[in-house]
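For the sequence shown, counting from 1, position 20 maps to 246 in this note's numbering; every step adds exactly one. Don't be surprised by glycine CBs; every beta carbon is placed ideally from N, CA and C. Keep in mind the model is a prediction, meaning the values are calculated, not measured.
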Amino acid sequence: VWKNDFCKLGALRGVGWVILFQDPCTKTLSNHWVNMHEDGVVAGFKPILVMDVWEHAYFRDYKPADRPKYIEAFLSNVCWKEAESRLIK
227 VWKNDFCKLG ALRGVGWVIL FQDPCTKTLS NHWVNMHEDG VVAGFKPILV MDVWEHAYFR
287 DYKPADRPKY IEAFLSNVCW KEAESRLIK
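Given below as structure tokens:
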């Protein structure tokens, strides 16, 4: 469920970032879309994983229409131990 939601956000039309945040009070995780250069950091939340979906992040290896392939490649190259180490226990 989490991965599917993260991928869907990354496939949205437009450019920006997908950020997995953790709420420090409830310890829950949530995915957020940050469009262009708008503020997108949820006050007090901790970023755990950030995926750049501006064209410059993938256009040399993928066509614009191949953004889903870039997203899968991004996720397959994440160091999950590092992401896990960022979680508030």
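Are the CB atoms of residue j and residue i within a distance shorter than 8 angstroms?
i           : j           : result
residue 297 : residue 266 : no
residue 242 : residue 260 : yes
residue 236 : residue 262 : no
residue 255 : residue 274 : yes
Taking the alpha helix (DSSP H) that residue i falls in, what are its first and last residues?
i           : result
residue 259 : Taken as a continuous stretch (DSSP letters only), residue 259 belongs to no alpha helix (DSSP H), being part of the beta strand (DSSP E) at 255-261.
residue 235 : 228-236
If residue i sits next to residue j, beta carbons under 8 angstroms apart, how far is it from one beta carbon to the other, in whole angstroms?
i           : j           : result
residue 271 : residue 292 : The pair is not a contact, with the Cβ atoms about 31 angstroms apart (cut-off 8 angstroms).
Counting only runs of 3+ residues fully inside the region 240-311, write out the beta strand (DSSP E) ranges in chain order. 242-248, 255-261 and 272-278
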